[in-house]
Each structure stands twice: as structure tokens, then as C-alpha cells.
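*Asks:* Residue numbers (the working numbering), protein chains in the order written: chain A, 1155 to 1407; chain B, 70 to 406; chain C, 2 to 289.
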């Protein structure tokens, strides 16, 4: 098993006005593993994702990908080196069909470089990817405009967008939110398959039960700070985590 | 009970479903169904010059083609890339002045000055507009609107490029048929090329930028580069129109930067139907004659069409081409039962 | 000294012109391109009241400003509210309305030189060796009073505070029970009033022409671009920067260079800091 650290976040902090959204957070993600991030609402999870993927610049700290410092790179470049993300609220291209939605990432520099210009027919590749994530190929579904899809399908489309970029790391920002249990259950094999193909996955989630089935390690954030990082079994037993979620009255210390 | 022997049936029955994607070439009937409106449009535009008797009206047709180029570029940027460009006058003015200067100062014949003005003007306009691309769209709209107003005042103030009087005595085209049969095919070519472009992969990316810029960024695409390219495309179309106009009338002046050229394309697009690239052409063909007929009323003409524009924009009308499209698809005919 | 005094006057003029536009944009995110039209509307209305109806100067001013305020609010309430949130349509609609208003005046013959408003106090006085007319002094005083009143209004009155709140954070204000539509109508009415007040104070310096309307629009927008939409200090800073630059250029290069300066400054601003001097527009990526 590959034990290389593929992503290292060092002492990253970010404040918005007077609010410290992310406070000196450290984490290390091993290649090929699934890394979970949980925490109550407002704990800074999405801000952290935005910082890693370049949408927000941190006040201090650095991000290292495969040993290289990527702090401060613009988001499209970070996607270009192989770190892709889904958005909490799906951002499909509503006026385009599902298939054409995927043409966009397939048109990216990364794909052009990876396949050395021989992209083949982007439409066909798009259909292949859609089939992988559960869009029936022979039906009308890939041709329907994105505006006609339900939340579940839109989330899959988000994932498809990531897959299309042949990433090394996929950051899934609350992929499971808004989905029914059966929809989540049908997504889990897809995520496992991605991991088996060597892709590192970072999952921000509120659905702890499902996440703990998948994750190799889990980090807990509260008020922008890391309060724990361990295997799922240990996290469940962790007192600090319980307090953060449930809010037991604190002692004078 | 009377027997029903006939019923109404939509003409696109059994065809509509096939018209999407590759099934369109599966039968002659589908091909005709799809091509017919396009055919009518193209042939119509090509023989229209021959059908008009008076020279005045032929000039109006030329003007409407020039305006339609501006309108197409507005529609392209606004509805396919998501960039609202209110600087039609910028393109006309820059294209016109460059061509005029090349022609009168450097004595280049118009067959050279127009293409050079098109490319060069396109580059210049794009350069002026690039800084506005990374920030909120409203800045682009405001700045693009302001530039022509400022440019004309600067030219006037500094008395350069002919100042208030302009540059007269430019080359004109040999005859009216030349004028007509260069601009009309070019209008058609631009219309159909852009329609093709927006369905090519490059165009898909542009449309994606309009729908959701952030997702495009997250897909490893340098959005600013694509926006710049699309602004360049729009600029060269607009600058060509300006250069053509300069040689149509044989002079350039401050009026090339008039607000008229910024508003007209928007009005034409709204009337004809935005998002279709054909709508602006139809809209211009309707609006240009109307505008000429009202010229007798002086400033009231501008009042008239600003109010119309305000009304159309506020009441969010659909536009003529989408309306016609709907009617075409829903046309019914009698069929024996 | 000459330069300093006239520089101040010019800057205050620009600040007055820009304040209405900036206020409307700050509160309702609407770029009101009818601003110039409302400006000359006040001027012409005052003239009409004085010369066709025979009211005295003060009453004419008051009525005109009132009318313009109401018209401004009505334009929003009846028309622009329907395109709220669509920046393209907002600009086009407000521009179209503005042009319609201005061109109606042109059509009705308001283009000759005869339309002037008398200065409030005739004559001039001398400050440190520079002769400056009273009207210009009045402009400075009016500007100061206006800025002060606006500051007090937005910091101490309930309505003003709610406008400020919406300008800072729309959603949070909505959650606090402030209705954005009502605020926008008020903002537009206020913006029109500001345009009107600026008009009656500044127009006595020259003629009222339709072209003035377009120039006002250009200047107001330029100041806002240079100073940064959404920041009061930015607008003031932009006004003073542009104001002094124009006066300096007039002194050393000639009066024709004013517009050139405007264009130059806009280009420089766009190259160096597109969102303006103190502008707070975030780059697109950051608006996740």
C-alpha cells in the first residue's frame, strides 16, 4: 500500500473580518486513502476546502501537493494539477445537456496534456463517464438538459465532472447532503471504485454513519480548529468530539 | 353521430423527436423540416437586394446588415458567454476611424484598410476591455458603455483624427451592388459561423461560462482566456461593421461613437429574440427601416426607440424568432382519419 | 492657490454628482443610468417653474427637487423593479429611460442657450488673492452640508441605518426584517434628490443643456469607477483625485483636456486596480 503523503496542509489560517474561520489547521492525507472531515456547521470545513482548491487565499500557512507548494495558485491551475472538488450546492450548466456538461472538463488543458491531443470524440468519452456514474446510456437521459435533473442526478453530474478530469485527489464537499439513503447507498460503490483506481478522496460530510464506513482516517473541526484526527473507531469514542457536537457543559478549564 | 373524417395534426409529428442530434439525417422529411426555415432565410436575404427598387431602401438594407453584425456580436456575448457589452459604438468608432485613417492618411485602398481595421481594431478594443473581465459583470457593462462616449469627447477635445469635423473624402465602393453583395453574404456567414461555433466544444465552454463560471474554473479552464477570445470575436465583427460603414459614406466623424450604435443592437436583439443569433438579424431588418422612417421626427425618434427598448426589456418579451419557431413547430394540418 | 480653491470646487462638484449614483448602487446594486437625466430634469423643472409659472426661486427649487425625488422613486417602483437582479436589463432599462427623458427635452427645443438659472448670490469675493464667485463657495458649503447630513442620516436615523445595512449585507438585513425593495425605492428617491440638489447648486454656473445630462452621467460614473463602487470614502477620494487632476490639466494643458483626463484615469484604474481605489469588489473566484 502506498503510504506517501500526497497532500499536506500546514498551519493554515483564514479570517473574515473578525471571524477566524480556519485557525492553524494541519492535516496530512495519504495517497489512495479516503480522508474524512467532519464538524458542526460553521466549523470551517468548506472554507478549508476553498483554501485547498485555491478559491480563497489563506492568511497564513501553506499547502503542499506531492511536495510542491501550491498555496496561492489560482483555482483553475489547482484543478489542472489534479485536485478537483465538488460543490456543496451543485453547479451544473443548466442550459446544456448532461453530456455537454462533461465536454467542458474534457476540454481542459489537463486532459489535453494527459492524452496528448488525442481526446477522441469528447461526446463519446462523456457518455462513458456518465455510464460509470449511473446515467443509463441508451436512454434519453444524457441528452436532457441539466435543468431537468433531480438533486441526486445533479450530484452525480458533479462527481462526473471531477472524474472527467482524471484527478489525483477528489474533494467531495457534502456530496451526500440532500440525498436519500438509497441514493447514498448507490453512490458508495462508485466512491470505492474510484479509490481502487488509486484516487485519493477527501470527504466533507455530515452523514457520519455513511462516512465512517468509507473513511480510513477522519479529522474533526470545530470553530475552525482541528480538535481530533484518527481512525473512525477512535473518533467515535473521542470526548472532545462528542462535546463539540452535543455540547456538554464545560468545566472551568 | 357525424363521422369524423379529418383531424388536425402537427406537422412535426414523427419528426420532432428525430430532429435532435444525429437522427436528423435519417429521412428526407426531417432534413427538409429542419432546413426549410434556414433556406428561406438565406435565400430571402440574398434576393432581397434584387427585390428592392429604390436606392434609398437598398442603402437601408445595407445599414440594417451593418447593424445586424453589431447586434449579433451583442447577442453572442450576452447570451452565449454571459458578458453584457454595451459598447457597440466602441467597435464602430474604432473600426471606422482606423479604416478612415489608413485610407486618408496612408492612402491604403479600402480593400486593405477594411481588413486591417477589422483585425487591428479588434485587438485594440479587446485590450481596452480586458481589465474588466475578471471582475463583476456590471463593470464591463458600464465601462464598455463609457468608452465610446469618452473617446468621442477626447477626439473632439484634442482635435486629433479630424476632430469635430471628421475625415471626409474616403474611398467608397464602386457601386451599390458591390456594397450590397459584400455585406449581405458576410452577414449570413457571420450568423451561421457563430451558430456553428456555439455548438462546437469551444462554444460549449463559452456557454458553460455563462451558466456557471465557478464550475468552469474548477474544471481547469482559464476562464479569462476564453472570455478574452469571445470579446475578440465580437470586436472584430463590430470593427468590420464600423470600417464598412466608414467607406459606405466616405467619411468618419464623431457620430461613429454615438450612443445610437450601442443601443440599437440591444433593441434589435430584444425584438428579434436573444440567444438565437438569427433574431438580431431579423430585429435589425425590422428596426433599421423603422428608424429611418422616424428620422424625420428628429430627437423624437430616439425617444421612441428608447421607450420601446425600455418596455421590451422590462416586460421581458420573448422575441420574434423564438415566437416564430414555436409557431412553426406547432403548425397543424388536416389529416384524414 | 488658484488651483487649490478651484480644485476643491471641482472636486466637490464631482462628489455631488457621483453621490447620487453611488448611493443607488450601494443600496440596490442598480447602476442608475438615468442619473444624468434626473439632473437636468431638475434644472429644467426649476427653470419652468420660475419662468413659465412665475414662482420665486426658492419655491421652484423646492418643488423641482420634490418632483424629481418622486419621479426617481416611481421609476424604480413601477419600472425598474421588474428587472431587479438582472444587471444587463437594469442598465439598459435605466439608460433607455434616461435617454428618453433627455431626448424629450431636446425634442421640445430645450437646446438653445437661453436656459439658465441665476446664481444664488451674485458677485464674487476674494480669498487670499483669488477671485472666486459666491456660487462656487455655495457649492462647497452645500457639498459639506450634504455630506454631513448624509452621514448623520445613515448613522443615526432608522431609515438611514437600514440603507447602510442593506448596502453592507443584503441577506443579513433581510433577516433583520428590512425590506430590500422598499429600501431600493428610498435609495432611488434619495439618489434623485441628490442629483436634483446638485443640479440646482451647480447649474447656475452655466447653461442647462441636454449635453450636460450626458456629461454628468459620464463624470458620475467615472468617479465611481475610479473610487470604487460600494465605498463612500472611495467615491470622495475618486472625486478629489479626478477633480484636482482636471484642474491641474486645465491650468497647464488647456481646458480641452478634462475629458482626456477622465479617460486616462479610468484606464489607469482598470489596469492597476479594476475595482477602484477603495473598491471592494472581490474577484470572481472568491465569491464561492
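Heads up, the beta-carbon is just placed ideally off N, CA and C, and yes, glycines get one too. Because the structure is a prediction, the values reported are computed rather than measured.
(1) Indicate the three-state DSSP secondary structure (helix, strand or coil) for residue 1295 (chain A) in the structure shown.
(2) According to DSSP, is residue 1156 (chain A) part of a helix, a strand, or is it coil?
(3) Within a Cβ cutoff of 6 Å, which residues of the same chain sit near residue 1322 (chain A), ignoring the five residues on either side of it in sequence?
(4) Does the beta carbon of residue 194 (chain B) sit closer than 9 Å to a beta carbon anywhere in chain C?
(5) Is residue 1363 (chain A) buried or exposed, if buried means 16 or more other CB atoms sit within 10 Å of its CB?
(6) Identify each residue in the region 1175-1196 of chain A for which the Cβ-Cβ distance to at least one residue of chain B is less than 8 Å, and report them in chain order.
(7) Closer than 9 Å, CB to CB, is residue 147 (chain B) near chain A or not?
(8) Residue 279 (chain B) to residue 98 (chain B), Cα distance in whole Å?
(9) Quick one: using the 10 Å Cβ neighbour count with 16 as the cut-off for buried, is residue 258 (chain C) buried or exposed?
(10) How many whole angstroms separate the CB atoms of residue 283 (chain B) and residue 1245 (chain A), which I take to be in contact at a CB cut-off of 8 Å?
(11) Run the CB neighbour count on residue 119 (chain C), radius 10 Å, all protein chains shown included, and call it buried at 16 or more, exposed below.
(12) Can you tell me whether residue 126 (chain C) is buried or exposed? The criterion is at least 16 other CB atoms within 10 Å of its CB, across all chains shown.
(13) Hey, which unbroken runs of the alpha helix (DSSP H) at 4 residues or more fall wholly within the region 131-186 of chain B?
(14) I'd like to know if residue 1319 (chain A) contacts chain B, where contact means its C-beta is closer than 9 Å to some C-beta of that chain.
(15) Between residue 295 (chain B) and chain C, is the shortest Cβ-Cβ distance under 9 Å, so that the two count as touching?
(16) Quick one: residues in its chain with C-beta nearer than 6 Å to the C-beta of residue 202 (chain B), no 5 flanking neighbours on either side, listed in chain order?
(17) Do residue 1229 (chain A) and residue 1196 (chain A) have their C-beta atoms closer together than 9 Å?
(18) Alpha carbon to alpha carbon, how far is residue 194 (chain B) from residue 163 (chain B)? Give it in angstroms, no decimals.
(19) Note down, in chain order, every chain B residue with its Cβ under 7 Å from the Cβ of residue 1239 (chain A).
(20) Taking 7 Å as the limit between beta carbons, can you name the residues of its chain near residue 374 (chain B), skipping five residues before and five after?
(21) Select from the region 1160-1172 of chain A all residues with a C-beta closer than 8 Å to any C-beta belonging to chain B, and list them in chain order.
(22) Examine chain B for any beta-carbon lying closer than 9 Å to the beta-carbon of residue 1395 (chain A), and answer yes or no.
(23) Using a Cβ cut-off of 7 Å, pull out every chain B residue sitting near residue 1276 (chain A), in sequence order please.
(24) Note the first and the last residue of the continuous alpha helix (DSSP H) segment covering residue 237 (chain C).
(25) Just the C-alpha distance for residue 56 (chain C) and residue 366 (chain B), rounded to the nearest angstrom, thanks.
(26) Kindly indicate which three-state DSSP category residue 1215 (chain A) falls into: helix, strand or coil?
(27) So residue 88 (chain C) contacts chain B; which residues on that side make the cut at Cβ distance below 9 Å?
(28) Whose C-alpha, out of B:220, B:351, B:403, is nearest the C-alpha of residue 267 (chain C)?
(29) Under 8 Å, with one C-beta from each stretch per pair, do the region 200-217 of chain B and the region 215-230 of chain C reach the 3-pair mark?
(30) Looking at C-beta atoms only, is the number of pairs between the region 115-134 of chain B and the region 226-244 of chain B that lie closer than 8 Å three or more?
(31) Mind checking who residue 1327 (chain A) pairs with in its DSSP beta bridge?
(32) How about the region 45-53 of chain C and the region 25-33 of chain C: do they share at least three Cβ pairs that are nearer than 8 Å?
(33) Between the alpha carbons of residue 1159 (chain A) and residue 1223 (chain A), how many angstroms are there, rounded?
(34) Using 9 Å as the limit for Cβ to Cβ distance, is residue 80 (chain C) near chain B?
(35) For residue 85 (chain C), does the three-state DSSP call read helix, strand or coil?
(36) Could I get the ranges of all uninterrupted alpha helix (DSSP H) runs contained in the region 353-404 of chain B, with 4 residues as the minimum, in chain order?
*Replies:* So, from the data block:
(1) In the first chain, the residue the question calls residue 1295 (chain A) occupies position 141. Residue 1295 (chain A): helix per DSSP, three-state reduction.
(2) For this step, residue 1156 (chain A) is matched to residue 2 along the first chain. At residue 1156 (chain A), the pLDDT of 49 sits below 50, so the modelled position is not reliable; the number obtained from the coordinates is stated separately. Three-state DSSP puts residue 1156 (chain A) in coil, outside helix and strand.
(3) By one-based count along the first chain, residue 1322 (chain A) stands at place 168. 1236.
(4) Counting from 1 along the second chain, the entry for residue 194 (chain B) is found at position 125. False, the Cβ-Cβ gap to chain C never drops below 9 Å.
(5) Taking the first chain and counting its residues from 1, the one referred to as residue 1363 (chain A) is at position 209. With fewer than 16 other Cβ atoms within 10 Å, it is exposed.
(6) none
(7) In the second chain, the residue the question calls residue 147 (chain B) occupies position 78. Not one chain A Cβ lies under 9 Å of residue 147 (chain B).
(8) Locating residue 279 (chain B) in the second chain gives position 210, where the first residue counts as 1. Locating residue 98 (chain B) in the second chain gives position 29, where the first residue counts as 1. Roughly 35 Å between the two C-alpha positions.
(9) In the third chain, the residue the question calls residue 258 (chain C) occupies position 257. Per the 10 Å Cβ criterion, buried.
(10) On the second chain, position 214 is the one that residue 283 (chain B) refers to. On the first chain, position 91 is the one that residue 1245 (chain A) refers to. 6 Å between Cβ atoms; contact.
(11) By 1-based counting over the third chain, the position of residue 119 (chain C) is 118. Residue 119 (chain C) should be labelled exposed.
(12) The residue labelled residue 126 (chain C) in the question sits at position 125 within the third chain. Residue 126 (chain C) should be labelled exposed.
(13) 157-173
(14) For the purposes of this step, residue 1319 (chain A) is taken as the residue at position 165 of the first chain. So, interface residue.
(15) Taking the second chain and counting its residues from 1, one reaches residue 295 (chain B) at position 226. No, residue 295 (chain B) does not count as interfacial toward chain C.
(16) Walking along the second chain from the start, residue 202 (chain B) turns up at place 133. Counting only Cβ-Cβ distances below 6 Å, and skipping sequence neighbours, we find 293, 296.
(17) Locating residue 1229 (chain A) in the first chain gives position 75, counting from the first residue. Locating residue 1196 (chain A) in the first chain gives position 42, counting from the first residue. Contact: no.
(18) Within the second chain, the letter at position 94 stands for residue 163 (chain B). Within the second chain, the letter at position 125 stands for residue 194 (chain B). Spanning the two alpha carbons is a distance of roughly 7 Å.
(19) Counted from its first residue, the first chain places residue 1239 (chain A) at position 85. Going along chain B in sequence order, the residues near residue 1239 (chain A) (Cβ under 7 Å) are 287.
(20) On the second chain, residue 374 (chain B) is found 305 positions in, with the first residue counted as 1. Result list for residue 374 (chain B): 336, 360, in chain order.
(21) none
(22) Taking the first chain and counting its residues from 1, the one referred to as residue 1395 (chain A) is at position 241. For residue 1395 (chain A), the answer is no, since every Cβ of chain B falls outside 9 Å of its Cβ.
(23) Position 122 of the first chain, counted from the first residue, corresponds to residue 1276 (chain A). Within chain B, the residues near residue 1276 (chain A) are 270.
(24) Position 236 of the third chain, counted from the start, is the residue given in the question as residue 237 (chain C). That run of the alpha helix (DSSP H) goes 233-254.
(25) If you number the third chain from 1, residue 56 (chain C) lands on position 55. If you number the second chain from 1, residue 366 (chain B) lands on position 297. Roughly 33 Å separates the two Cα atoms.
(26) If you number the first chain from 1, residue 1215 (chain A) lands on position 61. Residue 1215 (chain A): strand per DSSP, three-state reduction.
(27) In the third chain, counting from the first residue as 1, residue 88 (chain C) sits at position 87. Correct list: 153, 205, 206, 207, 210.
(28) Here residue 267 (chain C) is taken as the residue at index 266 of the third chain, counted from 1. When only C-alpha atoms are compared, the closest one is B:220.
(29) yes
(30) no
(31) If you number the first chain from 1, residue 1327 (chain A) lands on position 173. In DSSP, residue 1327 (chain A) forms a bridge with A:1358.
(32) no
(33) For the purposes of this step, residue 1159 (chain A) is taken as residue 5 along the first chain, with counting starting at 1. For the purposes of this step, residue 1223 (chain A) is taken as residue 69 along the first chain, with counting starting at 1. Each residue's alpha carbon lies about 13 Å from the other.
(34) Mapped onto the third chain, residue 80 (chain C) falls at position 79. Closer than 9 Å to some Cβ of chain B, the Cβ of residue 80 (chain C) qualifies, so yes.
(35) Along the third chain, one-based indexing puts residue 85 (chain C) at 84. In the structure shown, residue 85 (chain C) sits in coil (DSSP, three-state: anything other than H, G, I, E or B).
(36) 368-383, 389-399
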